[in-house]
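**Q**
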Amino acid sequence: VAKGIASGMPLSATVARADLMRWERGAHASTFGGNPVAVEAALITIELLERELIDNAARVGGHMLERMREWPRRFPIVGEVRGLGLMIGVEIVQDQATRRRAPELRDRLIRMAFERGLLVLGAGASVMRLSPPLVLTRDQADFALDTLEDCLSRLVVS
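When we follow this note's numbering, the leftmost residue of the sequence shown carries the number 67, and every step to the right adds one.
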């Protein structure tokens, strides 16, 4: 487990079954192990997550999903919108009836969004993934959704 555990500081953790975690004293060590600054960063990260960011992700992500769940009705290339909190996937399809994947359309959508200053990622064969930072505000989310809706409208017309 690593990445955001300490908000960018060099720290990771090992998670395993208890029987695999029985070590003899001195059997496991690391040159960079036990960095007190990284550990403090992790503790503060956990505190922020528990105090503010999880609620913000639920609130702003819920707003985004509510708005995005209209997309299949508005844009024929959107097959499905799914997500939890701020981790959201939008399946891009050639045809809603068959749900045939459309990786080329997805890639064009991602490129168009990037050219407008919005970074979204591809996932799987034809899903656009949004995973913004947990500090995202509702105004920032609306800006991102306005941008994506403009891109989707242009793709549908082209």
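Yeah, the Cβ is synthetic: ideal placement off N, Cα and C, and Gly gets one too.
#1: Taking its Cβ as the centre, do 16 or more other Cβ atoms sit within 10 Å of Arg140, making it buried, or is it exposed?
#2: What does a CB cutoff of less than 6 Å around Pro138 pick up in its chain, not counting 5 residues either side in sequence?
#3: In angstroms, rounded to a whole number, what distance separates the CA positions of Leu221 and Glu215?
#4: Our contact map puts Thr111 next to Ser73 with C-beta atoms below 8 Å; I'd like the distance itself, whole angstroms only.
#5: For Leu187 and Gly99, what's the separation of their Cα atoms in angstroms?
#6: Between the C-alpha atoms of Leu114 and Arg195, what's the straight-line distance to the nearest angstrom?
#7: Reducing DSSP to helix, strand and coil, say where Gly74 ends up.
#8: By how many angstroms is the C-alpha of Phe209 removed from the C-alpha of Gly149?
#9: Using three-state DSSP, classify Val144 as helix, strand or coil.
#10: On the CB-based measure, 16 or more other CB atoms within 10 Å of its CB, does Val65 come out buried or exposed?
#11: According to the Cβ coordinates, are Leu211 and Arg133 closer than 9 Å?
#12: Which residues bound the alpha helix (DSSP H) around Arg133?
**A** If we stick to the structure as given:
#1: Mapped onto the sequence shown, residue 140 falls at position 74. With fewer than 16 Cβ atoms within 10 Å of its Cβ, Arg140 is classed as exposed.
#2: Within the sequence shown, residue 138 is the residue found at index 72, counting from 1. Cβ within range, chain order: Val144.
#3: Residue mapping note: residue 221 aligns to position 155 of the sequence shown, counting from 1. Residue mapping note: residue 215 aligns to position 149 of the sequence shown, counting from 1. Cα-Cα distance, rounded: 10 Å.
#4: What you label residue 111 is simply residue 45 of the sequence shown in a count that begins at 1. What you label residue 73 is simply residue 7 of the sequence shown in a count that begins at 1. With a Cβ gap of about 5 Å, Thr111 and Ser73 count as contacting.
#5: In the sequence shown, the residue the question calls residue 187 occupies position 121. In the sequence shown, the residue the question calls residue 99 occupies position 33. Their backbone Cα atoms lie some 33 Å apart in a straight line.
#6: Position 48 of the sequence shown holds residue 114. Position 129 of the sequence shown holds residue 195. In a straight line, the C-alpha of Leu114 is about 24 Å away from that of Arg195.
#7: By one-based count along the sequence shown, residue 74 stands at place 8. In the structure shown, Gly74 sits in coil (DSSP, three-state: anything other than H, G, I, E or B).
#8: Residue 149 sits at position 83 when you count from the first residue of the sequence shown. Residue 209 sits at position 143 when you count from the first residue of the sequence shown. Straight-line Cα distance between these residues: approximately 19 Å.
#9: Reading the sequence shown from its first residue, position 78 is the one you call residue 144. It is a strand residue.
#10: An answer regarding residue 65 cannot be provided, because it is not within the stretch 67 to 224 covered by the chain.
#11: For the purposes of this step, residue 211 is taken as the residue at position 145 of the sequence shown. For the purposes of this step, residue 133 is taken as the residue at position 67 of the sequence shown. Going by C-beta atoms, Leu211 is nearer than 9 Å to Arg133.
#12: The sequence position of residue 133 within the sequence shown is 67, counting from 1. Arg133 -> alpha helix (DSSP H) spans 120-134.
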